[in-house]
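Numbering-wise (UniProt numbering), the sequence shown opens with residue 1 and increments by one.
What follows is a single structure, written as structure tokens, with notes after it.
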Amino acid sequence: MGSEDIRTRGDYVFEQLRERIIDGRLLPGERLLEREIAAELNVSRVPVRDALPRLAEAGLVTIAARRGAVISTVSITDAQELFDVRARLEPLAARRAAEAVAAGADATALRAALADEHGAEDSLHAGEAAARIHAEINALADHALLERMLRALEDRDRRLARVPTEVDPAPARGEHRRLVEAVLSGSAAAAEALALAHVELARGRSIAALEGRLGTPS
């Protein structure tokens, strides 16, 4: 097996495990055994070994000397750090998106994403539409480095969104509506402020949900 083939198979293993961790099929604390993964995915153990450090780099697993690779827990600290970074990046994306719309950029996809969130009948489709809203704002911002940095947060954001919560989804939908309206109107300062407010309100909701499941940090 050549190095390129190992890498290709490693990519396959990485993507398979990544999706299973994010969607909850693999649970926090669960061990990833090379032999079992290789058999299930019909690959050798070599691409599995290639994939595991990449999952660790993405924050999805922890590799310990005696336990091997273990699915990482979403901690309150993890969530705080995620929102710290989002609070810096998303307001900039919203400002640039509004400026782009004011200059004539096509915002049809952003309008469609907002309409889909408004019309969603369950949390799964609402979550997908909400993710599209943020993705379309990032696309309108037209800043390659900023978009790459925001994409790097997606796995952590998706995992956090799967933490069970009884929080009413209506406030987040309202925040998205006001944010999108500001972007569509070309109001850069308002879009920036609303994006920051949305991140901080989402932080409060997510931390409260985590504290309810994990306990308040000491």
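Think of the CB as a built atom: it goes at the ideal place given N, C-alpha and C, for glycine as much as any other residue.
Would you report the Cα separation of residue 209 and residue 170, rounded to the nearest angstrom?
-> 16 Å
Start and end of the alpha helix (DSSP H) containing residue 64?
-> Element bounds for residue 64: not the alpha helix (DSSP H) but the beta strand (DSSP E), 61 to 64.
Cβ pair residue 184, residue 195 closer than 8 Å = no
Run the CB neighbour count on residue 136, radius 10 Å, all protein chains shown included, and call it buried at 16 or more, exposed below.
-> Residue 136 comes out buried.
Separation of residue 160 from residue 142, as counted between CA atoms | 26 Å
What did DSSP end up calling residue 68 once you bin it into helix, strand or coil?
-> strand
Sequence-distant residues of the same chain with beta carbon closer than 8 Å to residue 79, five excluded per side | Result list for residue 79: 160, 203, 206, 207, 210, in chain order.
If you check the beta carbons only, do residue 93 and residue 145 fall under 8 Å apart?
-> no
Return the bridge partner residues of residue 159 from the DSSP annotation.
-> According to the DSSP secondary-structure assignment, residue 159 is paired through a beta bridge with no residue.
Going by other Cβ atoms of all chains shown within 10 Å of its Cβ, with 16 needed for buried, is residue 138 buried or exposed?
-> buried
Residue 87 versus residue 11 - alpha carbon distance = 31 Å
Cα separation between residue 219 and residue 99?
-> Only positions 1 to 218 of the chain appear in this structure, which leaves residue 219 out of reach.
Please state whether DSSP places residue 25 in a helix, a strand or coil.
-> coil
8 Å CB neighbourhood of residue 21 in its chain, flanking five on each side removed | 55, 60, 61, 71, 159
Would you mind reading off the limits of the alpha helix (DSSP H) that contains residue 78?
-> 76 to 102
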